[in-house]
Amino acid sequence: MRRTLALCLLSAASLVPWLSIAGPPADEAGAAAAMPPPAWLSELDALYDARIRVPDLEDRAFSPEHWWDVAGPLASEARGFRTEQIGRSAEGRPLRHVAWGQGRKRVLLWSQMHGDESTASMALADLFRFLGEHPDLPIVQRLRQDTTLDFLPVMNPDGAARFQRRNAQGIDINRDARTLVSPEARALHDLRERLKPAFGFNLHDQQPGYRAGDSDRGTAIALLAPAYNEAREVNAARASAIEVAVAIRAVLEPYIAGHIAKWDDTFNPRAFGDLTSKAGVSTVLIESGAIDGDPQKQRLRKLNFLALVGALDAIATGSHAGLPRALYEDLPENGKVWPDLLIKGGTLALPGQPQAKVDVLVDFEQPLLERGGAIADIGDLSDRRARRTIDASGLYIVPFDPPGASADRKRKTFAPDRPAYFRLSRDPQGRDVVWTLAGDVDPAKPEPATTR
Ligand SMILES: [Zn+2]
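Residue numbers (the working numbering): 1168 to 1619.
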């Protein structure tokens, strides 16, 4: 028992292989060598897989009710949690504040302000389990003694129920921090005013197409210590937020070196991160992007958990103080956004039209699951890059009508902004089909290999 409970110093080199993704050349990751990962990382990584990860949250489009069914019991009074209802969403769903810990340093964490950005909510359930089920771990003892953690999880439950960004009133809560017309924004604002936390964590997901800086590498996680004024000055509170971001980078670097970016810090007077920063709270934004082969963001969920533990431990111990701010500042910014799918070099075969060799770009409503595809562009797109490319040379692109399309729609089926319905076929009539896109990609049908 004792052996399991002592988080001892281990190398991070033994981290589980499924988390490793294509890394950058050594020289680009080199800056991180200045900042070793925390001593407990390797052991916590293994413990996470065995005894922290909460089951039944594998589909990231869960309902808010399901999240509370799973996470609520983990945050019981017997385990040191206190839960209160602090309001209701526009549609009357409860907004709940969960608190844990007895320490002086107050930390407020809120998740899923955008209803379809659920990665951190899954990680918060894991954090509840970690804090409640492992009370004897030194790191949990440190957190209990030195911090009070205040959570407002799944804070846009109506949006979460629809798996959409905005709340039930159609309001983007993260543009409502100033006017506070939505009940969800009001609840977060009032909670922050009442608790007066020293630190705030603003937990989001971002588009999977973002690249890290000028590179071709996707951003797995982007960080931001938001500005509190247009001049983007750094006062003591923002400096602490930057240091905590550096502590987070040290945790993430062994897993996703080269895939960590930072957000542009232009001051936005309507956004929560910026206004929380303006209120004097050391605020850190964590944006989960994408990792190849992780459509349900379960790897990113784990990285969120580890990043949050790293940040909270740095706050509890005060070890963030004096961390080199350059390790935040030299992170590449989120750069260009790659579209989802590029079909390259096929021959468009529309009945009654001349055949034409074209490329086709497709964007998906749900990019990671490749569902809800719409045509983004048609033509010579040979200099475009996309998250996935299919070589259609030697094949015909044969469009077909989406089910239920009106006569008017049918005439405009193959055009930008229209649903993506076409086959890649060996013949222009679309009989010898190699691959089909019917709005959704069928994951059971692999993309065509070399076809010439
Ligand atoms: Zn967001």
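For glycine and all other residues, C-beta sits at the position ideal for the given N, C-alpha and C.
Remember, predicted model here, so these are calculated numbers, not experimental data.
- Judged by beta-carbon spacing, residue 1327 lies beyond the 8 Å limit of residue 1259, meaning their Cβ atoms are not closer than that value.
- Here the alpha carbons of residue 1320 and residue 1288 stand approximately 6 Å from one another.
- The closest CA to that of residue 1362, considering only 1315, 1387, 1343, 1404, is found on 1315.
- At least one heavy atom of ligand 1 lies closer than 7 Å to the C-beta of residue 1341.
- Judged by their CB atoms, residue 1614 and residue 1557 are nearer to each other than the 8 Å cut-off.
- In the same chain as residue 1372, and ignoring 5 residues on each side of it, the C-beta atoms closer than 6 Å to its own belong to 1284, 1286, 1455, in chain order.
- By the CB criterion at 8 Å, residue 1254 and residue 1335 fall outside the cutoff.
- With a cut-off of 7 Å, the C-beta of residue 1289 is classified as distant from ligand 1, since no heavy atom of the ligand falls inside that distance.
- In the DSSP secondary-structure assignment, residue 1377 is bridged to 1504.
- Distance from the C-beta of residue 1280 to the nearest heavy atom of ligand 1 is below 7 Å.
- Beta bridge pairing from DSSP links residue 1604 with 1589, 1608.
- The secondary-structure analysis by DSSP pairs residue 1371 across a beta bridge with 1454.
- Burial state of residue 1386 is buried, judged by a 10 Å Cβ sphere holding 16 or more other Cβ atoms.
- In this structure, ligand 1 has no non-hydrogen atom nearer than 7 Å to the beta-carbon of residue 1351.
- By the C-beta criterion, the region 1214 to 1221 is judged not to be in contact with the region 1269 to 1283, since fewer than 3 inter-stretch pairs fall below 8 Å.
- Residue 1205 counts as buried, since no fewer than 16 other beta carbons sit within 10 angstroms of its beta carbon.
- In terms of CA proximity to residue 1536, 1610 leads the group 1610, 1235, 1436, 1582.
- When Cβ pairs closer than 8 Å are counted between the two stretches, the region 1522 to 1533 is seen not to touch the region 1444 to 1460, the count staying below three.
- With fewer than three CB-CB distances shorter than 8 Å, the region 1460 to 1477 does not count as touching the region 1504 to 1523.
- Nearest neighbour of residue 1369 by Cα position, chosen from 1399, 1310, 1475, turns out to be 1475.
- Linking residue 1340 to residue 1264 through their CA atoms gives a straight-line distance of about 18 Å.
- Just so you know, the alpha carbons of residue 1406 and residue 1359 end up roughly 20 Å apart.
- By the Cβ-count criterion, residue 1464 is buried, with 16 or more other Cβ atoms from all chains shown falling within 10 Å of its own Cβ.
- The beta-carbon distance between residue 1374 and residue 1504, rounded to whole angstroms, is 6 Å. This is short enough to meet the 8 Å contact definition.
- Of the residues assessed, residue 1489 falls on the exposed side of the cut-off, its CB having fewer than 16 other CB atoms within 10 angstroms.
- Within the model, the alpha-carbon separation for residue 1392 versus residue 1600 is close to 50 Å.
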